[in-house]
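If you want the numbering used here, it's the position in the sequence shown, counting the first as 1, plus 8.
All C-beta atoms, glycine included, are put in the ideal place defined by N, C-alpha and C.
First comes the structure, then the notes that go with it.
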Amino acid sequence: MTGWEQSPATALLILADGTRLEGRGIGAVGHSAGEICFNTAMTGYQEILTDPSYAGQIVTFTFPHIGNVGANDEDTETVNMAALSGVRGVVLKADITNPSNYRSLEKLDTWLKKRNIVGITGIDTRALTALIRQSGMPNGVVAHAPDGHFDEASIKAELNAFPGLVGLDLAREVTTAQTYHWDQTGWKLGEGYGTLEDPEFHIVAVDFGAKRNILRCLADQGAKVTVVPASASAADILSHNPDGIFLSNGPGDPAATGQYAVPTIKTLLDTGKPMFGICLGHQLLGLALGATTTKMHQGHHGANHPVKDLTTGKVEITSMNHGFAVEKASLPPGITETHVSLFDGSNAGLSVDGKPVFSVQYHPEASPGPRDSHYLFTRFLNHVRAQKGLAQKPEYVAPAA
């Protein structure tokens, strides 16, 4: 009787501390370095993997069954298709199964290849998550070689060359190259996405890495959206004569992006126009108001994060994706903390006293995730309605019976 032979590893995950994990390769062939984080969402992996906020990161999914609903053409979140994806790699526990969902058009592995995302399966993601919780988000590299032969010198060189996210401006990599208009509305069963026919308002969105569903949520409120690059000046933005200004989510260190974004935001604040920021937009607004930001130990990534709205007392379950945060102790007088994370007490929202300006650290567009926070888009447009002398809409609408 011959001995039992194990198939050679076709993928590696190597951490900056030298930890070496072997597994099975998926997606694109090659290797890619980034900061390794974990995401606790059980659904929405396609949206997560196309969220520009993940630029520079390798996503570890704590939920083991990723790929079971396949991939489609509707659940892509990145607006800048030249960027293809927000992530540099993906780490999974279980092998990708054949999809079982009526919306599926292709297997996740095929989809990963098309978007040039390198991945690995067969990893003990629970142990990796515990390591991140204990030691913080490490730099690492994921490599895929179908024949099991790796150029480890090249792999380690790429890992050593990756600088980490502190001081890194990644908004420039994922932002739109030119201004465009958006009028697509939210998805409905049996109908797909709609089109805004008769807009009431005009919002200019500054794209630091915007997600499509954020723009759809603005359109659902009756707003035509003009999207401008992250580097747009205040004069550029105001030339569109907006009713309100939106600061989008995005990747990287807010202090780095703030080198050019903060002076613009300060000028926009002086106009008195309603402003709303999400995620990186929240952090940049905080910097413009005089607060500071800090790198988090493990970040917040998932669709199950409890947040308390201090203005109403309500608790909502939110979708989060950030590795930096506004330091609540640094908020200057005249700035009110409006939301707080119930996981660790970190700041999750702010508003400017006496001005129609506010922001949140999480993702109220909920793609993926719960829809508890959709009211924030109503809150934003209610500021616009107030300036126009129009009737307010209720923020919370009871679900249909």
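If you count every other CB in all the chains shown that lies within 10 Å of the CB of A79, and 16 or more means buried, which is it?
Flag for A79 reads buried.
Quick one: what does DSSP say D83 is sitting in, helix, strand or coil?
Three-state DSSP puts D83 in coil, outside helix and strand.
Within a Cβ cutoff of 7 angstroms, which residues of the same chain sit near T18, ignoring the five residues on either side of it in sequence?
Residues of the same chain with a CB within less than 7 angstroms of the CB of T18, apart from the 5 flanking positions on each side, are R32, G33, H152, A153, P154 and G156 in chain order.
Note down the Cα distance separating G175 from A263, rounded to an integer number of angstroms.
7 angstroms
Taking the beta strand (DSSP E) that G310 belongs to, which residues open and close that run?
Start and end: T301 to D317.
Quick one: measure Cβ to Cβ for E345 and L318, integer angstroms, because I've assumed they're closer than 8 angstroms.
7 angstroms
Counterpart residues of A333 in DSSP-defined beta bridges:
According to DSSP, which records beta bridges pairwise, A333 is partnered with T302.
Closest to H248 by CA distance: which of C225, Y268 and A213 is it?
A213
Between A296 and the rest of its own chain, which residues show a CB-CB distance below 6 angstroms, the 5 nearest in sequence each way excluded?
V270, I273 and K274
Give the secondary structure of N168 by DSSP, where H, G and I count as helix, E and B as strand, and everything else as coil.
For N168, the three-state secondary structure derived from DSSP is helix.
From R180, V233 and G172, pick the residue whose C-alpha is nearest to that of Q192; which is it?
Looking at the Cα atoms, V233 is the closest of the given residues.
Where do the N-terminal and C-terminal ends of the beta strand (DSSP E) with N390 fall, by residue?
No beta strand (DSSP E) contains N390, which is instead part of the alpha helix (DSSP H) from Y383 to Q395.
Can you give the Cα-Cα distance for D25 and F170, rounded to whole angstroms?
Our two residues, D25 and F170, have alpha carbons roughly 14 angstroms apart in a direct line.
What would DSSP say about D410, mapped onto helix, strand or coil?
Summary: the structure shown does not reach residue 410, with the chain confined to residues 9 through 409, and so no result is reported for it.
Separation of S143 from Q306, as counted between CA atoms
8 angstroms
Any chance the CB of S381 is under 7 angstroms from a heavy atom of the ligand NAP?
Although the ligand NAP was asked about, the structure shown includes no ligands whatsoever.
At which residue ranges does the region 21 to 78 contain complete alpha helix (DSSP H) runs of 4 or more residues, listed in the order of the chain?
DSSP runs (the alpha helix (DSSP H)) wholly in the region 21 to 78: 53 to 57.
Where do the ends of the alpha helix (DSSP H) carrying S367 lie?
According to the DSSP assignment, S367 belongs to no alpha helix (DSSP H) but to the beta strand (DSSP E) extending over V365 to V368.
Between the region 37 to 53 and the region 62 to 74, can you find at least three pairs of beta-carbon atoms closer than 8 angstroms?
Taking a contact to require three or more Cβ pairs closer than 8 angstroms, the region 62 to 74 and the region 37 to 53 qualify as touching.
Start and end residues, alpha helix (DSSP H) containing V182:
A179 to V182
Taking just the CA atoms, how far does N124 sit from G353?
37 angstroms
Under 6 angstroms Cβ to Cβ from E403, same chain only, skipping five residues before and after it: list those, please.
Y383, T386 and R387
Measuring CB to CB, does A49 end up less than 8 angstroms from G377?
Yes, the pair counts as a contact, with Cβ atoms nearer than the cut-off.
C-beta atoms of V95 and G38 nearer than 8 angstroms
no
When DSSP builds the beta bridges, which residues end up paired with Q142?
Looking at the DSSP assignment, Q142 forms no beta bridge with any residue, so it has no partner.
With 16 other CB atoms within 10 Å as the buried threshold, where does A374 fall?
When all chains shown are included, A374 counts as buried.
Taking the alpha carbon of E199 as the point to measure from, which residue in V235, E82 and R379 has its own alpha carbon closest?
E82
If I measure Cβ to Cβ from V87 and keep anything under 6 angstroms in the same chain, skipping five residues before and after, which residues do I get?
The answer, listed in chain order, is A218 and R220.
Option in L277, A238, G362 and I222 with minimal Cα separation from R379
When the alpha-carbon of R379 is set against those of L277, A238, G362 and I222, the nearest one is in I222.
Starting from D228, trace the alpha helix (DSSP H) both ways and give me its first and last residue.
R220 to D228
Could you check what DSSP says for I273 in three-state terms: helix, strand or coil?
helix
Enumerate in chain order the residues of its own chain whose CB-to-CB distance from T183 is below 7 angstroms, with the five nearest sequence positions on each side excluded.
N88, D215, F216, G217, P237 and A238
Can you check which of these residues, V365, L178 and N355, is closest to T300 by C-alpha distance?
N355
Run the CB neighbour count on S40, radius 10 Å, all protein chains shown included, and call it buried at 16 or more, exposed below.
buried
What does N355 pair with, by DSSP beta-bridge criteria?
V348
Own chain partners of G357 with C-beta closer than 6 angstroms, once the 5 adjacent residues on each side are dropped:
T346, H347 and V368
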